[in-house]
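Undergrad:
Numbering (the working numbering), first residue to last: 1 to 111.
#1: Check each candidate in 14, 47, 5, 79 and name the one with the smallest Cα separation from residue 31.
#2: In the structure shown, what three-state DSSP assignment does residue 47 receive?
#3: Going by DSSP in three states, residue 82 sits in which element: helix, strand or coil?
#4: Hey, out of 20, 66, 15, 62, whose CA is closest to residue 38's CA?
#5: In the structure shown, what three-state DSSP assignment does residue 67 receive?
#6: Have a look at the DSSP bridge pairing and note the partners of residue 77.
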């Protein structure tokens, strides 16, 4: 697997954005509803509006969600192409990693 530094940096940023537990919860809710607005997210998930908006900003910045304005409301939907790229990247990395024998030392946890 060969990645240049910029590509791996972008992939890491997107993966970090998606991997946050609350953002995963929000992404699952958006996926279930296909398209939804902030109010629907925070009311249904019983979260603060500001918290939801902050997490949506991170997801939008990294391209995991797409925003579409309809009047005064913004509707969010998943960017399945970006999320698919993350899945493919993780699978490719895992396939490469399993070809080598990894030890705890490889993960920085020496005993």
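Heads up, the beta-carbon is just placed ideally off N, CA and C, and yes, glycines get one too. Here the structure is a predicted model, which is why all the values come from computation and not from measurement.
TA: According to the structure data:
#1: Ranking 14, 47, 5, 79 by Cα distance to residue 31 puts 79 first.
#2: Coil, per DSSP.
#3: helix
#4: Nearest C-alpha to residue 38: 66.
#5: strand
#6: 66
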